[in-house]
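Asker:
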Amino acid sequence: MKSDSPFHRPIIIKGAGEMATGVAVRLYRAGFRHLLMLEVAQPMAVRRAVSFCEAVYDGEQVVEGVAATLLVADEESVHAWERGRIAVAVDPDWTWLDRLQPAVSIDAVIAKRNLGTRKEEAPLVVALGPGFTAGQDAHFVVETQRGHNLGRLLASGEAEPNTGIPGNIGGYTRERVLRAPTGGMVEDARAIGEMVAAGDVVCTVNGEAVRAAIAGVVRGMIRPGILVRTGTKIGDIDPRGEKG
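Heads up, the sequence shown is in the working numbering, so the first residue is 177 and it goes up one at a time.
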């Protein structure tokens with residue numbers, strides 16, 4: 177960490193969900209190994225199998241051959257990096273920014289609004305998705321909307337606003353998304369990768385059945401035992417039926 181090489185300077189990623197995990201894996205494979213991801217105490221990722229935030233519950237998570245480890249003490253970040261692992265910390269207030277003073281800060285929470293990211297918090301600040309203005313809240317903003325500009329790096333302006341409409345897959349948008357019909361605990365959830373037919377019960381919330389509107393494979397499912405509010409996205413179905 178004493179080296180001036182950018183590959184040896186710490187990078188903080190806010191969030192450890194699906195998109196943040198994609199960022200972390202890409203940076204790791206590019207040679208950046210001092211990566212720290214900051215999460216809330218109860219992550220609610222739907223695509224858990226490809227999200228490093230699952231390390232908060234299980235202690236570690238492996239995605240595409242890259243491992244992440246949950247920190248239980250401050251000094252463990254160095255140990256995780258020495259073992260070739262990405263570090264994950266429960267830090268909803270982002271206190272690690274002041275302690276670590278990273279070279280790069282990346283907001284990948286995908287909250288569709290700015291929860292407090294500032295351009296001054298690191299020499300390079302990048303934010304993903306809507307709710308940020310490049311040059312004001314961050315040095316760069318990354319477009320996350322599906323379409324021609326997906327992944328585009330913006331040096332000025334904002335990403336496309338949130339439409340509230342899920343991406344079209346196989347001709348389906350809202351139909352493929354599962355939402356909580358009531359508040360309560362998610363239980364009896366079908367496994368990610370499991371095939372379901374239209375009308376099948378995919379899980380229950382507070383004892384109320386949540387049924388698939390279309391046939392396909394369960395591509396995402398929130399962790400059973402999580403308490404959710406009415407309308408919370410708790411899963412999605414891929415009508416293409418591809419398990420891989």
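Think of the CB as a built atom: it goes at the ideal place given N, C-alpha and C, for glycine as much as any other residue.
Quick one: is Met397 buried, meaning 16 or more other Cβ sit within 10 Å of its Cβ, or exposed?
Answerer: Locating residue 397 in the sequence shown gives position 221, where the first residue counts as 1. Met397 comes out buried.
Asker: Let's see if you can read the secondary structure: which residues bound the beta strand (DSSP E) around Thr127?
Answerer: A question about residue 127 goes unanswered here, because the residues of the chain that appear run from 177 up to 420.
Asker: To which residues does DSSP link Glu215 through a beta bridge?
Answerer: As a working note, residue 215 is residue 39 in the sequence shown. Answer by DSSP bridge pairing, in chain order: Val266.
Asker: Determine the DSSP secondary structure at Asp412, reduced to helix, strand or coil.
Answerer: Position 236 of the sequence shown holds residue 412. Here Asp412 sits in strand by DSSP.
Asker: DSSP three-state label for Phe228, please.
Answerer: Position 52 of the sequence shown, counted from the first residue, corresponds to residue 228. Three-state DSSP puts Phe228 in a helix.
Asker: Comparing C-alpha positions only, which one of Gly307, Asp412, Leu214, Val393 sits nearest to Thr339?
Answerer: In the sequence shown, the residue the question calls residue 339 occupies position 163. Of Gly307, Asp412, Leu214, Val393, the residue nearest in Cα terms is Gly307.
Asker: Round the Cβ separation of Leu246 and Val232 to the nearest angstrom and send it over; I've been treating them as touching at under 8 Å.
Answerer: Position 70 of the sequence shown, counted from the start, is the residue given in the question as residue 246. Position 56 of the sequence shown, counted from the start, is the residue given in the question as residue 232. The pair is a contact, with the Cβ atoms about 6 Å apart (cut-off 8 Å).
Asker: Does DSSP put Met195 in a helix, in a strand, or in coil?
Answerer: Position 19 of the sequence shown, counting from 1, holds the residue named residue 195. Three-state DSSP puts Met195 in a helix.
Asker: Tell me which residue opens and which closes the alpha helix (DSSP H) that Val239 is part of.
Answerer: Counting from one through the sequence shown, the residue named residue 239 turns up at place 63. Segment 236-239 is the beta strand (DSSP E) holding Val239; no alpha helix (DSSP H) there.
Asker: For Thr358, I'd like the list of residues in its chain whose CB is within less than 7 Å of its CB, leaving aside the five on either flank, ordered along the chain.
Answerer: Here residue 358 is taken as the residue at index 182 of the sequence shown, counted from 1. Counting only Cβ-Cβ distances below 7 Å, and skipping sequence neighbours, we find Val381, Asn382, Glu384, Thr406.
Asker: Alpha carbons only, please: which of Arg399, Ile189, Glu258 is nearest the one belonging to Ala365?
Answerer: For the purposes of this step, residue 365 is taken as the residue at position 189 of the sequence shown. Checking every option, the nearest Cα to that of Ala365 belongs to Arg399.
Asker: If contacts are defined as beta-carbon pairs under 8 Å, then Ala279 and Arg185 qualify, I think. What distance do you get, rounded to the angstrom?
Answerer: As a working note, residue 279 is residue 103 in the sequence shown. As a working note, residue 185 is residue 9 in the sequence shown. Between Arg185 and Ala279 the Cβ distance is about 4 Å, and since that is below 8 Å, they are a contact.
Asker: Which of the three DSSP states is assigned to Glu384 in this structure?
Answerer: For the purposes of this step, residue 384 is identified with residue 208 of the sequence shown, where counting begins at 1. Correct three-state label for Glu384: strand.
Asker: CB-CB under 7 Å to Ile170, same chain, minus the five flanking residues each way: which ones, in chain order?
Answerer: In this structure the chain extends from 177 to 420, so residue 170 is not present and cannot be described.
Asker: Which residues bound the alpha helix (DSSP H) around Leu247?
Answerer: Here the question's residue 247 lines up with position 71 in the sequence shown. From DSSP, Leu247 is part of no alpha helix (DSSP H); its letter is neither H nor E.
Asker: Once the 5 residues before and after Asp250 are set aside, which same chain residues still bring their CB inside 8 Å of it?
Answerer: The residue given as residue 250 occupies position 74 in the sequence shown. Only Arg275 meet the Cβ criterion.
Asker: Does the segment 202-212 come close enough to the segment 285-295 that 3 or more CB-CB pairs lie under 8 Å?
Answerer: No contact exists between the segment 285-295 and the segment 202-212.
Asker: Quick one: what's got a C-beta closer than 7 Å to Leu291's C-beta in the same chain, skipping five residues either side?
Answerer: Position 115 of the sequence shown, counting from 1, holds the residue named residue 291. Answer for Leu291: Val285, listed in chain order.
Asker: Runs of 4 residues minimum, wholly inside the segment 304-328: which ones carry the alpha helix (DSSP H) assignment?
Answerer: Listed in chain order, there is nothing to give.
Asker: Could you compute how far the alpha carbon of Leu326 sits from the alpha carbon of Ala314?
Answerer: Counting from one through the sequence shown, the residue named residue 326 turns up at place 150. Counting from one through the sequence shown, the residue named residue 314 turns up at place 138. Those two C-alpha atoms are separated by around 18 Å.
Asker: Exposed or buried, which one is Arg395 when buried takes at least 16 other CB atoms within 10 Å?
Answerer: Within the sequence shown, the letter at position 219 stands for residue 395. Flag for Arg395 reads buried.
Asker: Would DSSP call Arg395 helix, strand or coil?
Answerer: Along the sequence shown, read from residue 1 onward, the residue named residue 395 stands at position 219. Note: Arg395 maps to strand in three-state DSSP.
Asker: Between which residues of its own chain and Leu271 is the CB-CB distance below 7 Å, once the five residues before and five after are set aside?
Answerer: Counted from its first residue, the sequence shown places residue 271 at position 95. A small fix is needed here, since residue 271 is Thr in this sequence, not Leu. Here the set comprises nothing.
Asker: Should Val266 and Met213 be called a contact, given that it needs their Cβ atoms to be closer than 7 Å?
Answerer: Sequence index remark: in the sequence shown, residue 266 carries index 90 (1-based). Sequence index remark: in the sequence shown, residue 213 carries index 37 (1-based). No.
Asker: Could you please give the first and the last residue of the uninterrupted beta strand (DSSP E) stretch that includes Arg355?
Answerer: Mapped onto the sequence shown, residue 355 falls at position 179. Run containing Arg355: 353-355, per the beta strand (DSSP E) assignment.
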